[in-house]
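Take a look at the structure below.
In the working numbering, the protein residues as written are 40 to 353.
Written as structure tokens, this is what we have:
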């Protein structure tokens, strides 16, 4: 197939997808009445992060909201918040929740709200997961996980799976027992990281930080590059996930699903979200298996890359 025919086919597909989302939306929201409340808890969203690292952690969800409004033809109420309770109050609801999966699930349980994970947002490499990193002071004698016996470990809260459950699983697998008296909890990655540095190598202290936060800790000047050394990495856990409220009707959920699936055909929205291929559907299997789906999508995206209009990164 010639390049011109490929381009025509791609354009036709984009138009068809857009029309499909619009058609579904007309049935889901008759006359364009109503609104869609979107709560963003993504730690890499611009209002919830800092502009310390160029081209990173400045996701523009305002542009994403405009995209949803254009696709669905309804008002989109956008709210940024560190907690679901705060976001729900700001947006007047939470039809769609986009945030770190384990945190959203924890907040849903606490608030007794019902919502299901439907899509995951890919990063610039096409991944939908993150890891917990176990770090020590650069001058600490510990070189590997097996050296952490008897160390105080600073974990994240239970709601941050990569810094808690996944880290405990890694230590258990490595036959490192951490008694309660040697366990500490810090909500922020920066708190644990700074403690490890300030206490010095003699303290026999390690901390668990999120892999996505590592560039920000250095970029924002919280720590200097090389101050910490990674001695362990957890299994991947789901990162930024889009949840659909149980209050959405079947037609509304279908319309939003088509819109999210169509993000990959809009380079400007991909740029705004710092994403390679946009949103991918959540597989029914465990998180690591989702990477298989993503890998196929990345391969497909790479083949079609020549058809996309180049976008200059900010």
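The beta-carbon is built from N, C-alpha and C at its ideal position, and this holds for glycine as well.
Let me know if residue i comes out buried or exposed under the rule of 16 or more other beta-carbons within 10 Å of its beta-carbon.
i	result
residue 142	buried
residue 226	exposed
residue 185	exposed
residue 77	buried
residue 331	For residue 331, the predicted structure reports a pLDDT of 44, less than 50, and the residue's modelled location is therefore unreliable. A value from the coordinates is still provided. With fewer than 16 Cβ atoms within 10 Å of its Cβ, residue 331 is classed as exposed.
residue 288	exposed
residue 98	buried
residue 269	exposed
residue 195	buried
residue 197	exposed
residue 252	buried
residue 261	buried
residue 265	exposed
Output the boundary residues of the beta strand (DSSP E) element that contains residue i.
i	result
residue 122	Counting along the chain, residue 122 falls outside any beta strand (DSSP E), and DSSP gives it neither H nor E.
residue 223	222-224
residue 171	171-176
residue 75	74-80
Alpha carbon to alpha carbon, what distance is there between residue j and residue i?
i	j	result
residue 205	residue 69	45 Å
residue 59	residue 200	37 Å
residue 318	residue 281	9 Å
residue 224	residue 203	9 Å
residue 177	residue 63	55 Å
residue 302	residue 236	42 Å
residue 219	residue 88	32 Å
residue 307	residue 110	15 Å
residue 326	residue 165	Here the model assigns residue 326 a pLDDT of 39, short of 50, so the residue's position is not dependable and the matter cannot be decided.
residue 273	residue 210	9 Å
residue 145	residue 121	13 Å
residue 147	residue 158	17 Å
residue 61	residue 108	10 Å
residue 66	residue 297	14 Å
residue 189	residue 222	11 Å
residue 170	residue 191	20 Å
residue 155	residue 242	43 Å
residue 175	residue 181	7 Å
residue 119	residue 277	20 Å
residue 183	residue 102	43 Å
residue 300	residue 86	24 Å
residue 267	residue 285	43 Å
residue 238	residue 275	29 Å
residue 75	residue 271	41 Å
So residue i packs on residue j, CB below 8 Å; how close in whole Å?
i	j	result
residue 244	residue 193	7 Å
residue 73	residue 115	Their Cβ separation, rounded to whole angstroms, is 11 Å, which puts residue 73 and residue 115 out of contact at 8 Å.
residue 283	residue 292	5 Å
residue 179	residue 240	4 Å
residue 231	residue 246	3 Å
residue 168	residue 160	Residue 168 to residue 160, Cβ: 11 Å. No contact.
residue 123	residue 133	7 Å
residue 228	residue 249	6 Å
residue 305	residue 106	7 Å
What is the residue span of the alpha helix (DSSP H) that residue i lies within?
i	result
residue 278	Segment: none, residue 278 is in no alpha helix (DSSP H) and carries neither H nor E.
residue 306	306-311
residue 300	289-300
residue 244	Looking at the DSSP string, residue 244 is not in any alpha helix (DSSP H); the run it does join, the beta strand (DSSP E), is 244-249.
residue 139	Per DSSP, residue 139 belongs to no alpha helix (DSSP H); it is in the beta strand (DSSP E), 135-139.
- Task: Tell me, please, whether the segment 250-258 touches the segment 84-95 by the rule of three or more beta-carbon pairs shorter than 8 Å.
- Result: yes
- Task: Tell me, please, whether the segment 133-152 touches the segment 75-88 by the rule of three or more beta-carbon pairs shorter than 8 Å.
- Result: yes
- Are three or more beta carbon pairs between the segment 307-316 and the segment 119-138 nearer than 8 Å? no
- Message: I want to know whether the segment 205-225 touches the segment 143-157 - three or more CB-CB distances under 8 Å.
- Response: no
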